[in-house]
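Chemist: Protein chains in written order, with the working numbering: chain A, 94 to 440; chain B, 94 to 440; chain C, 94 to 440; chain D, 94 to 440.
Pasting in a structure now, in structure tokens, and then I'll have a few things to ask.
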């Protein structure tokens, strides 16, 4: 079985494990107050060209999202996002469990627009009964989105303007941020993000780390006391240096970007092949998640050798599925997939 | 200014105030453990033909909804409702503030169908990642709905079957339950509701009481320890007998039904008049809330003398608005409204 | 049965019911945005000599406490109070239910001292692991306390200084504020409180209203958006003017203070009688709650005719109990109690 | 600097890292539904002699505690524990953040007794106002405690009986369970715990794993739907097999017990030395945490070469501190500590 159903199915880049092994019996202070975290933090600040940002390391994405939102929101405020957003659908109501409504807007290709957020806020604040409704306060975006699409600089700049207009925080879930930035469709880089968002996280789990997400807090108003929330929500890893090690390896010599480029190149090869065979897509994704629409017969045969994610039924005989490439996908694995897919489609 | 914008703009039926006055200096035990509450409880049990139901008295509707839902749901469960539902839109995220997601389904005339709930549950429980999503556990309906429409016995019976199939609780928000039951379009009565729902509340605030809602808990599994939740959520009125007095007056000699009939008759007169004049409606409401679509000019002129609620803009020159009648609306007030409306429409 | 077990066992001062009756069919805007609330608000601002304070009207004390605390605290902050405090013991964890720890300090006569709070904060903020503990942010006091004792101006001034030192909010639960201010032991008045606390509430339920508490928010930082929280927590009464009517009657012509003085005079008569008979007290209370320690035999006999609250067992044959006087206690009721007590003690 | 201040200052037992390295590029299903977790689960079930228990793997202790308690408690219920308990003091109110009160009882040597819990429940359930107080529902114990002390079989059996009497869940925090079981003072083993507690966790983070805690759910009533809560609270690690690997290595060939014995032997050597020198202890701890009371001068000199935790000031010139040994402590490190301590004490 070769697994293409997600991008978190292998361990970590060998360099990370190697360093863990080398430093295994060194003693460290706990809870992220160690030199490994300090080093990783400095590397991320440099990569963001933003020496003043705060960087916190957490274990997973769901945890990072609800911890940040719990810290950023007052009890009557909510987060605005696409109705396909991870926090809206696939985190078992973790944001609501901290007391906050997730306010969904209809997505298009997994994205929402500045105009939608503007209208949402206009409706809210101009309503005489606005105190009877949850106040929008955070815009939550994913880069890339659940459907593999990306926000451009122009789109994020517009969103920033709407956030300024209505005094919202702009937060970007970057579980797959590297894969997004590796795409030609995406002109966003870390310095731009650090100038534009109030906070965002750089995903590690899906991008070459064993586990871990680096939350970057840009806006000074969101910085104080964050470590209290981190501890309360279970996100302060006792052996915090394990996160420091991982992110410093990822950001040393550009490994993070290199791994992202690798996944991107493979995804584009798959996309090109499918396109050449006239296979339609659920959405035109420019990143490491590809959503072709394939005949049930092809998929059923394919499933004997490959795993992939079911996305949705399209018609009586076709389903949209998801193939992910990742930092760990091997050329040979992709070659095999492409070859088998071609054979099945031609059969 | 004559107010038609809601049905909670006057005090209480005089009989209620009279009894408060008469018993004012009598001493009572606190927190709803008094004889007035016992009497009201017994009267409601009789009206429901269900001597075994629990009846708790709370002050307001938002409070009743989130208190019941907090008691009924485990931390990973949510309530399914129409996207126009009061808990989804107009309670400032009070359900989320107790930790629970409100799962919305697209409404039609303010209602959702058993088929929609069935599909929602099927999607949830058949999904391999269902543990990553909030489990649907309560179906929340309003009788009548935010748009004045009603659920029939047939519809509620179907919804009950779906709830049984998926082990959901069926909960009915009856802020305007009397007005619903007074409508010819609604064949539901209290005994039916007590046989069909797991819990529901009989609204007092909009139906002739100063304030107060009577929560009826039918299902034995939902009964234990409810008073703890009542206290925790601020719903246990110190002078609980004030609620007992109000509900015993409302249910003595059928006053509750009589007041509902009064509002209904007036609403139907307004509806008939508007229909006669070919005024379109946003929705065909058979109850005390009417939503005509009227020219801006008419509404602006009308607003000098009457208040009504803005519902939504329909086109460049027309808006849908809401007129409510209530137990307190006087014939002369409605006559004036109809007469002025006619004059404006003819002008 | 004559009830002395609490101060919320009768309805309301007749003037309040009278005005409700007179205005019963007048129409009002909902949710506290009416002229009755505006009038009551202005009267309270005048009584506080503080025209700039915000005043919100809620239905009950538990609700007022958790609503204010939810609005004032970030998710990692807690409220510091006596281990006998109402929020710590008798509100079914309503503060915790909004996500916040109640940090208790050992009480003495129901009170805590500025020195205790200072030490608590010193321990917290000087601890290297302070992020692993809940940050103290509100000091919660009751005036008068659960044991009938009072804080003096000197004590509150000291507490204010400690709050300033550690950036805490000072909040005073005034469920029995009038009874406290009526005591010779208490030199606090409303203007002092409005200069000293960040927020406090003036109790209505136990002080002559049918129900209702007036929350006074002094500190500008706590004012914005409070009505959102009010709605979310179920504290925004639909017919808000009912609260406005009650507080404007209570503050018209000094009725609130007159009723408090009445209860105070009766309590002092009871205390004097018990003292004269050498009955010991659990605590030396200068207000309307008295806690004598009496032989079981006396209490058992007394219980046939009077109700009182059990406070705690003192030894094998004695219990401390609570007698409350209130705005509604009649001279004759107290005379009867004193006379029967004397007879039983002499027997 | 040699660190004795805690038992989570090194990485993991080399066997664990070795296996991570070997399996690094193998592909696994996510979220704990893989063969490594299945293997570890089976090994723990065998070690517990309880094939029917559920075993879930989480990343950290705070997370495990609040996730279990959120799953076990209804909104009006709380957890009873020592006032020194980790959940009461050092988890930033994480339990309260899920809505539940932590009900503290005065500790003795870090422990509470069955008699205390019995009295707490008696007071609660016999109080006429019990609905105004949080219902005790879980007893939370730590084995070993914050002060290194242990509960014996006799004590846990008594606690079990009280839990049965009052229908409480018995939950044991086993962050240092191995170290406890390695002590001669502790006659508890895993099979006993699996017969006696309703749930407990076997700590990995402090016991030789990189990170990870294995939650064992014994009582059938607590098993359903736990994975929903796991996901919601951020405890469902994407690459769950990393936890499976760690626990299967720890439970293969008794490594977990061997590592615990190692730490225990070193701790007892330190204790024996200190005892021989007549150094008093804050508490007589039979496990890997030792709390000697030492002169400030000695500690200040020692601090140049060793780290240890500050526990509390004892008098003007003495402080109690904590030295931890662990699976990773080397004989030579302890020898150095003992030798330097002796020299300083003799100076």
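Glycine included, C-beta positions come from ideal geometry on N, C-alpha and C.
1. Whole alpha helix (DSSP H) runs in the segment 171 to 219 of chain A with 4 or more residues, listed along the chain?
2. Tell me the rounded alpha-carbon separation between residue 95 of chain A and residue 328 of chain D.
3. I want to verify the contact list: residues of chain B whose CB lies under 8 Å from the CB of residue 307 of chain C, in sequence order.
4. Relative to the C-alpha of residue 304 of chain A, which residue among A:98, A:102, A:97 is closest?
5. Within the same chain, show all residues whose beta-carbon is closer than 6 Å to that of residue 227 of chain A, passing over the 5 residues directly before and after it, in chain order.
6. I need the straight-line Cα distance from residue 425 of chain A to residue 192 of chain D, nearest angstrom please.
7. Could you check whether the segment 173 to 183 of chain B touches the segment 336 to 356 of chain C, counting it as contact only if at least three pairs of C-beta atoms, one from each stretch, sit closer than 8 Å?
8. Can you pull the chain C neighbours of residue 335 of chain B, defined as C-beta to C-beta under 9 Å?
9. Residue 363 of chain B and residue 310 of chain B - do their beta-carbons sit closer together than 9 Å?
10. Using a Cβ-Cβ distance cut-off of 9 Å, determine whether residue 192 of chain B contacts chain D.
11. Just to confirm, are residue 382 of chain C and residue 415 of chain C a CB contact at a threshold of 9 Å?
12. Classify residue 111 of chain D as buried or exposed, calling it buried when 16 or more other Cβ atoms lie within 10 Å of its own Cβ.
13. Tell me the DSSP secondary structure of residue 355 of chain A in three-state form.
14. Please confirm if residue 415 of chain A has its CB atom under 9 Å from at least one CB of chain D.
15. For residue 129 of chain D and residue 122 of chain D, I'd like the C-alpha separation in whole angstroms.
16. Which value, in whole angstroms, describes the spacing of the CA atoms of residue 337 of chain A and residue 114 of chain A?
17. To the nearest angstrom, how far is the alpha carbon of residue 108 of chain B from that of residue 419 of chain C?
18. Would residue 146 of chain B pass as an interface residue toward chain D - the criterion being a Cβ-Cβ separation below 9 Å?
19. How would you list, in chain order, the residues of chain B whose beta-carbon sits under 8 Å from the beta-carbon of residue 117 of chain C?
20. Between the Cα of residue 134 of chain C and those of C:429, C:428, C:339, C:436, spot the shortest distance and give me the residue it belongs to.
21. Under DSSP, the alpha helix (DSSP H) around residue 337 of chain C begins and ends at which residues?
22. Within its chain, find whatever has a CB closer than 7 Å to the CB of residue 437 of chain A; leave out the 5 residues flanking it on each side and keep chain order.
23. Excluding the five sequence neighbours on either side, which residues of its own chain have a C-beta within less than 7 Å of the C-beta of residue 257 of chain A, listed in chain order?
24. Please specify which runs of the beta strand (DSSP E), each continuous and at least 3 residues long, are wholly inside the segment 254 to 315 of chain C, giving them in chain order.
25. For residue 168 of chain D and residue 219 of chain B, what's the separation of their Cα atoms in angstroms?
26. Taking Cβ to Cβ, would you say residue 159 of chain A is nearer than 9 Å to residue 326 of chain A?
27. Using the beta-carbon count (16 or more within 10 Å), is residue 139 of chain D buried or exposed?
28. Please report how far the alpha carbon of residue 273 of chain B lies from the alpha carbon of residue 99 of chain B, in whole angstroms.
29. Less than 9 Å between CB atoms is the rule here; does residue 156 of chain C satisfy it with respect to chain B?
30. Using DSSP bridges, identify the partner residues of residue 417 of chain D.
31. Within 10 angstroms of its Cβ, does residue 408 of chain C collect 16 or more other Cβ (buried), or is it exposed?
32. In whole angstroms, give me the CA-to-CA distance for residue 297 of chain A and residue 417 of chain A.
33. With a threshold of 16 other CB atoms inside 10 Å of the CB of residue 230 of chain D, please say whether the residue is buried or exposed.
34. Quick one: does residue 322 of chain B have its CB under 9 Å from some CB of chain C?
35. Among B:354, B:126, B:372, whose alpha-carbon lies nearest the alpha-carbon of residue 422 of chain B?
36. Cβ of residue 425 of chain D less than 9 Å from any chain A Cβ?
Modeler: On the basis of the supplied data:
1. 179 to 182, 187 to 190, 207 to 219
2. 27 Å
3. Against chain B, a Cβ distance below 8 Å from residue 307 of chain C picks out nothing, because the smallest value is about 16 Å.
4. A:102
5. 171, 194
6. 51 Å
7. no
8. Against residue 335 of chain B, the close residues of chain C are 104, 303, 304, in the order they occur along the chain (beta-carbon pairs closer than 9 Å).
9. no
10. yes
11. yes
12. exposed
13. helix
14. no
15. 10 Å
16. Rounded to whole angstroms, residue 337 of chain A to residue 114 of chain A spans 14 Å at the Cα level.
17. Residue 108 of chain B and residue 419 of chain C: Cα-Cα distance of roughly 28 Å.
18. no
19. 103, 104, 105, 107, 110
20. Answer by Cα proximity: C:339.
21. 334 to 344
22. Excluding positions up to five away in sequence, the list reads 391, 394, 395.
23. none
24. 262 to 266, 292 to 296, 306 to 310
25. 29 Å
26. yes
27. exposed
28. 15 Å
29. yes
30. By DSSP's assignment, residue 417 of chain D forms a beta bridge with D:382.
31. By the neighbour-count rule (16 or more Cβ atoms within 10 Å), residue 408 of chain C is not buried but exposed.
32. Distance from the CA atom of residue 297 of chain A to the CA atom of residue 417 of chain A, rounded to whole angstroms, is 16 Å.
33. buried
34. Residue 322 of chain B has a beta carbon lying within less than 9 Å of a beta carbon in chain C.
35. B:354
36. no
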